[in-house]
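> So the sequences go chain by chain: A and B. FYI, the numbering for the first sequence is 44 to 308, going by our numbering. FYI, the numbering for the second sequence is 44 to 308, going by our numbering. We put the beta carbon where it would ideally sit given N, CA and C, even for glycine. Provided herewith is a single structure, encoded as C-alpha cells, for subsequent inquiry.
There are 2 protein chains.
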Amino acid sequence: MAQANSRRVDPAALRKRCRNGSWDQPTSGLAPGYAQANMVILDQRYAFDFLLFCQRNPKPCPILEVLEPGQTEPRRTAPRADITRDLPRYRIWIHGKPDREVTDIHSLFNADLVTFLLGCSFSFEEALIQAGVPVRNIEENKNVSMYTTNIRCDPAGPFSSRLVVTMRPIPDPLVPRAVQITSRYASVHGAPIHIGNPMVLGIKNLDRPDFGDPVTVKKGETPVFWACGVTSTLAALSAKPDLCITHAPGHMFVTDVPNETLAVI
Amino acid sequence: MAQANSRRVDPAALRKRCRNGSWDQPTSGLAPGYAQANMVILDQRYAFDFLLFCQRNPKPCPILEVLEPGQTEPRRTAPRADITRDLPRYRIWIHGKPDREVTDIHSLFNADLVTFLLGCSFSFEEALIQAGVPVRNIEENKNVSMYTTNIRCDPAGPFSSRLVVTMRPIPDPLVPRAVQITSRYASVHGAPIHIGNPMVLGIKNLDRPDFGDPVTVKKGETPVFWACGVTSTLAALSAKPDLCITHAPGHMFVTDVPNETLAVI
C-alpha cells in the first residue's frame with residue numbers, strides 16, 4: 044500500500060486497513076482533518092483513580108472518550124470501530140515495563156478492561172499550519188521533540204507523573220498567534236504551558252529530547268512547549284499495573300471526530 | 044448577622060460562619076468574585092460511573108474538584124476548608140428521595156464517601172453584569188428559572204438524567220455578547236445550549252419553571268438557556284443510592300477560586 048494513497052483515506056477506511064492487517068505503520072499525517080487519540084487500557088479497579096488523574100491534569104491528559112468496562116466500541120468518537128483491532132500497533136506493558144508490541148489485542152481484551160482515549164497534538168498542528176504557523180517536526184519529517192520536565196502532575200490514587208511536554212520552535216512574531224490558535228483546542232492539550240527558556244522546565248538541552256527526535260531551532264525563533272499525551276502513559280505505568288495496554292508510540296487511534304469540532308470558540 | 048455585612052466577607056470568613064452556625068442561608072451574592080460550587084457526595088462504589096457521567100456531560104456537570112474517598116478538605120479549590128461543616132445547609136437523600144436538611148454532615152461522613160464539587164452559574168452571572176448584560180433573576184431578587192428539558196444526557200453506568208437548564212432573558216442586541224462572555228467560562232457551564240424558542244427544548248411555559256422562580260421576559264428580549272448544575276443532582280439520584288448528600292438548593296460551597304481564573308481565554 045503506497046503511503047501517498049493512505050494519506051487521503053477517511054478514518055473508517057484507515058481503521059479497516061489496520062483491522063485487516065494491511066496498515067501497521069505510524070498514523071501521523073493520515074486521515075487529515077480528523078482527531079487522533081492516545082489510548083490507555085487498564086483494569087477497572089484502577090478506573091476511578093486514572094479518570095481522576097486525567098480530570099486533575101487536563102492539559103496533558105484531555106479525555107476524548109472513556110469506554111465502560113469490557114466495551115470495545117468507542118461509540119462517541121468512532122461508532123462501529125473496535126479499539127482491540129483498529130489501531131495499527133499496540134504496546135503491552137506488564138507491571139509497568141514494556142513487554143511486547145502487537146497489531147491486535149482482541150484475544151487479550153476482557154470484561155474488566157476500561158479504555159481511555161485522550162487527545163493528541165496532531166489536531167492542533169493541523170490548525171497551526173492552516174493559520175500559517177510553521178510546524179518544524181512536520182517540515183523536517185520527524186517525530187516531535189518531547190521532554191520530561193521538572194513539573195509534577197497532580198497525583199490521584201496510585202497515579203503520578205512528571206509532566207511531559209512537546210516543543211515546537213515558532214518564529215518570534217508568530218508566537219502570540221500560536222498561543223491563540225492552540226487555546227481554541229482545550230481538548231487536545233490547549234494553550235502552551237511555557238514559552239521561552241527551557242531551563243525553567245528543567246530541560247537542559249533541547250538537542251537531546253527524552254522521546255522523539257531533535258528538530259532545528261533557527262535564529263529568530265522561540266521554543267514553545269505544550270503538554271504532551273505521553274504523560275498519560277507514564278502516569279498509567281506509575282501504578283505498575285499487572286497489565287496496561289497502550290497504542291505503540293506514533294501509532295494512534297484515528298477517530299471520526301473532525302478536528303474543527305474540538306475548537307471551543 | 045446583617046446580610047449587608049456578609050456580602051463583603053471573603054470565602055474563608057463565610058465558611059467559618061457556616062461552620063460555627065452563624066450562617067445557614069443561601070449564598071447567592073455572597074463573597075463576590077469567588078466561584079461557588081454544587082456538591083454531590085456518593086459512596087465510592089459509584090465514583091467511577093458518576094465521574095464518567097460528568098466527563099460525558101461537561102456542560103451541566105463541570106467538575107471543579109473531586110475529593111478522594113474519605114477526604115474532607117478540598118485542597119485544590121479551598122485549602123483548609125471542610126466540606127462536612129462549611130456549607131450553610133445540606134440535603135440528605137435516601138434511596139434517591141429527600142430525607143432531611145441539616146447544617147452539618149460531620150457525623151454522617153465516612154471513609155467510603157467521595158465528594159464532587161461542580162461549577163455554578165453564579166460565576167458567569169457576575170461576568171455578564173460586569174460586561175453590561177443584565178441578569179433578570181438578580182435584578183428581580185429571585186432564584187433563576189430552571190426547566191427540565193427533553194434532552195437526554197449521555198448516561199454512564201446507573202446514572203442518567205434529562206438536561207436541566209437555566210433561562211435568562213437577554214436584550215436582543217446583547218445576545219451575541221452573552222454568548223461570547225459565557226463561552227469563556229467552560230468550567231461553569233460555558234456557552235448557552237439554546238437561544239430562542241423554548242419549545243425546541245420541550246419547555247411549554249416559561250412562566251412555570253420546574254425549579255426556581257419565574258422572571259419577567261420583556262419585549263425585545265430573547266430567552267437564552269444554559270446547562271444547569273441541578274442536572275448533577277438528578278443524575279446522582281437516578282441511581283437511587285442508599286445515601287446521597289448534596290448542598291441544599293441555593294446553599295452552595297463557596298470556594299477560594301477567583302471567578303476570573305476560570306476563564307479559558
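(1) Taking DSSP as the reference, what is the three-state secondary structure of A/Leu244?
(2) Is the beta carbon of A/Ile213 less than 8 Å from the beta carbon of A/Leu244?
(3) What does a CB cutoff of less than 7 Å around B/Thr276 pick up in its chain, not counting 5 residues either side in sequence?
(4) How far does the alpha helix (DSSP H) with B/Glu168 in it extend, from its first residue to its last?
(5) Evaluate the contact criterion for the segment 117-136 of chain A versus the segment 52-63 of chain A: three or more CB pairs, one atom per stretch, below 8 Å.
(6) Quick one: list the residues of chain A neighbouring B/Phe91, beta-carbon separation under 7 Å, in chain order.
(7) Helix, strand or coil, according to DSSP, for A/Pro75 in the structure here?
(8) Can you give the Cα-Cα distance for A/Pro198 and B/Gly200, rounded to whole angstroms?
(9) If you measure beta-carbon to beta-carbon, which residues of the segment 220-248 of chain A are closer than 9 Å to chain B?
(10) Quick check: the Cα distance between B/Ala47 and B/Ile106, rounded to an integer number of angstroms?
(11) What does B/Val218 reach in chain A if we use C-beta pairs closer than 8 Å?
(12) B/His138 to B/Leu110, Cα distance in whole Å?
(13) Starting from the beta carbon of B/Gln98, find every residue of chain A whose beta carbon is closer than 8 Å, and list them in chain order.
(14) Identify each residue in the segment 195-207 of chain A for which the Cβ-Cβ distance to at least one residue of chain B is less than 8 Å, and report them in chain order.
(15) Would you call the segment 77-92 of chain A and the segment 278-294 of chain A touching, i.e. three or more CB-CB distances under 8 Å?
(16) Does A/His237 pass the burial test, meaning 16 or more other C-beta atoms within 10 Å, or should it be called exposed?
(17) Rounded to a whole number of angstroms, what is the C-alpha to C-alpha distance between A/Cys196 and B/Val222?
(18) Quick check on B/Val145 - is its C-beta less than 8 Å from some C-beta in chain A?
(19) Would you mind stating whether A/Val300 and B/Val307 have Cβ atoms separated by less than 8 Å?
(20) Mind pulling the chain B residues with CB within less than 9 Å of A/Ile308?
(21) Can you tell which of A/Ser188, A/Ile148, A/Arg119 and A/Asp155 has the C-alpha that lies nearest to the C-alpha of A/Leu161?
(22) Can you check which of these residues, A/Tyr77, A/Val52 and A/Ser281, is closest to A/Ala170 by C-alpha distance?
(23) On the premise that B/Pro131 lies in contact with B/Thr70, defined as a C-beta separation below 8 Å, what is that separation, rounded to the nearest angstrom?
(24) Helix, strand or coil for A/Glu61? Go by DSSP, reduced to three states.
(25) Exposed or buried, what is B/His149 when buried is set at 16 or more other beta-carbons lying within 10 Å of its beta-carbon?
(26) In angstroms, rounded to a whole number, what distance separates the CA positions of B/Met44 and B/Ile181?
(27) State the CB to CB distance for the pair A/Pro103 and A/Val258, rounded to an integer number of angstroms; the pair is presumed to be in contact (CB under 8 Å).
(28) Is the CB-CB distance between A/Ala278 and A/Phe165 below 8 Å?
(29) Taking the Cβ atom as the reference point for each residue, do A/Val176 and A/Leu217 lie within a distance shorter than 8 Å?
(30) Between B/Asp92 and A/Ser230, what straight-line distance do the alpha-carbon atoms span, to the nearest angstrom?
(31) For a minimum of 3 consecutive residues, which ranges assigned as the beta strand (DSSP E) are wholly contained in the segment 118-203 of chain A?
(32) Taking the alpha helix (DSSP H) that B/Leu95 falls in, what are its first and last residues?
(33) Could you pull the DSSP bridge partners for B/Asn81 from this structure?
(34) Kindly indicate which three-state DSSP category A/Val52 falls into: helix, strand or coil?
(35) Per DSSP, B/His290 is paired with what?
Working from what's here:
(1) Counted from its first residue, the first sequence places residue 244 of chain A at position 201. Annotated three-state conformation of A/Leu244 is helix, per DSSP.
(2) Start at 1 with the first residue of the first sequence, and residue 213 of chain A comes out as number 170. Start at 1 with the first residue of the first sequence, and residue 244 of chain A comes out as number 201. A/Ile213 is not a Cβ neighbour of A/Leu244, given a cutoff of 8 Å.
(3) Counted from its first residue, the second sequence places residue 276 of chain B at position 233. Once the five neighbours on either side are set aside, the close Cβ partners of B/Thr276 are Val83 and Thr289.
(4) Here residue 168 of chain B refers to the residue found at position 125 of the second sequence. Where B/Glu168 is concerned, the enclosing alpha helix (DSSP H) stretches over Phe165 to Gln173.
(5) Counting Cβ pairs under 8 Å, three or more are found: they touch.
(6) The count along the second sequence starts at 1 and reaches residue 91 of chain B at position 48. Listed along chain A are Ala90, Phe91 and Leu94, each with a C-beta nearer than 7 Å to that of B/Phe91.
(7) Locating residue 75 of chain A in the first sequence gives position 32, counting from the first residue. Here A/Pro75 sits in coil by DSSP.
(8) On the first sequence, residue 198 of chain A is found 155 positions in, with the first residue counted as 1. On the second sequence, residue 200 of chain B is found 157 positions in, with the first residue counted as 1. Cα-Cα distance, rounded: 25 Å.
(9) Within the segment 220-248 of chain A, the residues whose Cβ lies closer than 9 Å to some Cβ of chain B are Gln223, Ser226, Arg227, Ala229, Gly233 and Ala234, listed in chain order.
(10) Sequence index remark: in the second sequence, residue 47 of chain B carries index 4 (1-based). Sequence index remark: in the second sequence, residue 106 of chain B carries index 63 (1-based). At B/Ala47, the pLDDT of 41 sits below 50, so the modelled position is not reliable and the matter cannot be decided from this model.
(11) By 1-based counting over the second sequence, the position of residue 218 of chain B is 175. Near B/Val218 there are no residues of chain A at all, since even the closest Cβ is about 16 Å away, more than 8 Å.
(12) Position 95 of the second sequence holds residue 138 of chain B. Position 67 of the second sequence holds residue 110 of chain B. Going from the Cα of B/His138 to the Cα of B/Leu110 covers about 22 Å.
(13) Counted from its first residue, the second sequence places residue 98 of chain B at position 55. Within 8 Å Cβ-Cβ: Leu94, Gln98, Ile106 and Val109.
(14) Within the segment 195-207 of chain A, the residues whose Cβ lies closer than 8 Å to some Cβ of chain B are Asp197, Ala199 and Gly200, listed in chain order.
(15) In short, these stretches touch, since the Cβ pair count reaches three.
(16) By 1-based counting over the first sequence, the position of residue 237 of chain A is 194. Of the other Cβ atoms in all chains shown, 16 or more fall within 10 Å of the Cβ of A/His237; this residue is therefore buried.
(17) Position 153 of the first sequence, counting from 1, holds the residue named residue 196 of chain A. Position 179 of the second sequence, counting from 1, holds the residue named residue 222 of chain B. Roughly 33 Å between the two C-alpha positions.
(18) In the second sequence, the residue the question calls residue 145 of chain B occupies position 102. It does not; no Cβ of chain A falls within 8 Å.
(19) Translated into the one-based positions of the first sequence, residue 300 of chain A becomes position 257. Translated into the one-based positions of the second sequence, residue 307 of chain B becomes position 264. It is not a contact, given that the beta carbons lie outside the stated cut-off.
(20) Looking up residue 308 of chain A in the first sequence gives position 265. Around A/Ile308, the beta-carbon contacts reaching into chain B at under 9 Å are Gln223, Ser226, Arg227, Ala234, Val307 and Ile308.
(21) Counting from 1 along the first sequence, the entry for residue 161 of chain A is found at position 118. Of the listed residues, the one whose Cα sits closest to A/Leu161 is A/Arg119.
(22) In the first sequence, the residue the question calls residue 170 of chain A occupies position 127. For the residues A/Tyr77, A/Val52 and A/Ser281, the minimum Cα distance to A/Ala170 belongs to A/Tyr77.
(23) The count along the second sequence starts at 1 and reaches residue 70 of chain B at position 27. The count along the second sequence starts at 1 and reaches residue 131 of chain B at position 88. Contact check for B/Thr70 and B/Pro131: beta-carbon distance about 6 Å, within the 8 Å limit, so the pair qualifies.
(24) The residue you call residue 61 of chain A lines up with position 18 of the first sequence. Reading off the sequence, residue 61 of chain A comes out as Cys, not Glu. Note: A/Cys61 maps to helix in three-state DSSP.
(25) Numbered from its first residue, the second sequence carries residue 149 of chain B at position 106. Under this definition B/His149 is an exposed residue.
(26) Mapped onto the second sequence, residue 44 of chain B falls at position 1. Mapped onto the second sequence, residue 181 of chain B falls at position 138. Since pLDDT at B/Met44 reaches only 39, below the 50 mark, its modelled position is unreliable, and the value read off the structure follows with that caveat. Separation of B/Met44 and B/Ile181 (C-alpha to C-alpha, rounded to the nearest whole angstrom) is 22 Å.
(27) By 1-based counting over the first sequence, the position of residue 103 of chain A is 60. By 1-based counting over the first sequence, the position of residue 258 of chain A is 215. A Cβ-Cβ distance of about 20 Å is found for the pair A/Pro103 and A/Val258, leaving them out of contact under the 8 Å criterion.
(28) Translated into the one-based positions of the first sequence, residue 278 of chain A becomes position 235. Translated into the one-based positions of the first sequence, residue 165 of chain A becomes position 122. Cβ atoms of A/Ala278 and A/Phe165: not closer than 8 Å.
(29) By 1-based counting over the first sequence, the position of residue 176 of chain A is 133. By 1-based counting over the first sequence, the position of residue 217 of chain A is 174. For A/Val176 and A/Leu217, yes; Cβs fall inside 8 Å.
(30) Stepping through the second sequence from its first residue, residue 92 of chain B is reached at position 49. Stepping through the first sequence from its first residue, residue 230 of chain A is reached at position 187. Just so you know, the alpha carbons of B/Asp92 and A/Ser230 end up roughly 21 Å apart.
(31) Those beta strand (DSSP E) runs which fall completely within the segment 118-203 of chain A and span 3+ residues are 133-137, 140-145, 156-162 and 188-195.
(32) For the purposes of this step, residue 95 of chain B is taken as residue 52 along the second sequence, with counting starting at 1. Looking at the DSSP string, the run of the alpha helix (DSSP H) that includes B/Leu95 is Ala90 to Arg99.
(33) In the second sequence, residue 81 of chain B corresponds to position 38, counting from 1. Partner residues in the beta bridge of B/Asn81, as assigned by DSSP, are B/Leu161.
(34) Against the first sequence, residue 52 of chain A aligns to sequence position 9. Three-state DSSP puts A/Val52 in coil, outside helix and strand.
(35) Translated into the one-based positions of the second sequence, residue 290 of chain B becomes position 247. B/Tyr133.
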